[in-house]
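Asker:
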Amino acid sequence: MTPINPNTEINPVPPSGTVYTETVETVVVRESNTGWWIAGVLGGLVLIAVLWILFAGRGPGDADARMLEAQAAATQAQAASDAAMVQGQITGAQASIEIARADVARAQAEAVRSSSDARAAEARAMTPPATVVVTTPAPSTGQAVVTPNAPQN
Numbered sequence: 270m271t272p273i274n275p276n277t278e279i280n281p282v283p284p285s286g287t288v289y290t291e292t293v294e295t296v297v298v299r300e301s302n303t304g305w306w307i308a309g310v311l312g313g314l315v316l317i318a319v320l321w322i323l324f325a326g327r328g329p330g331d332a333d334a335r336m337l338e339a340q341a342a343a344t345q346a347q348a349a350s351d352a353a354m355v356q357g358q359i360t361g362a363q364a365s366i367e368i369a370r371a372d373v374a375r376a377q378a379e380a381v382r383s384s385s386d387a388r389a390a391e392a393r394a395m396t397p398p399a400t401v402v403v404t405t406p407a408p409s410t411g412q413a414v415v416t417p418n419a420p421q422n
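All you need for this note's numbering is the position in the sequence shown, starting with 1, plus 269.
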């Protein structure tokens, strides 16, 4: 057999006496949508399963109930905060009262001390100084006698 040159004619003229048989195959490709239908059905089932998982067990009232619970918790937290603030103010007021009481007690003690100092100063002012009289006895004894003057009130 002779090699076929690609630059020559595809069906060369056969030499005389040679018989060629040509067979023609016809391939019919049918387009089938079965694969797409299967993929679509599976995708729909997956979508339904995802939605079922997301929304299963949650009714329309669940969100409202959770919202009400959150609001109640927030209200309780606010009330506790307000109570703590009021308690802090009460404690501060009580501390201020105790400080004021201590100031009053100190002022009263100072007033009593001042009053007693004033009475002592008045008593000192009214008492005449003591006069010391020295008398000498007769020369026979030889001792001196000292007598204070008694106040004459």
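Don't be surprised by glycine CBs; every beta carbon is placed ideally from N, CA and C.
What you are looking at is a predicted structure, and each value in this text was computed from that prediction instead of being measured.
Using only the alpha-carbon positions, how far apart do isoleucine 317 and glycine 309 sit?
Answerer: Spanning the two alpha carbons is a distance of roughly 12 Å.
Asker: Excluding five sequence neighbours on each side, which residues of the same chain lie with their C-beta closer than 6 Å to the C-beta of glutamine 358?
Answerer: There are no such residues.
Asker: Return the CA-CA distance between threonine 290 and leucine 314, expressed in angstroms with no decimal places.
Answerer: Approximately 55 Å between the Cα atoms of the pair.
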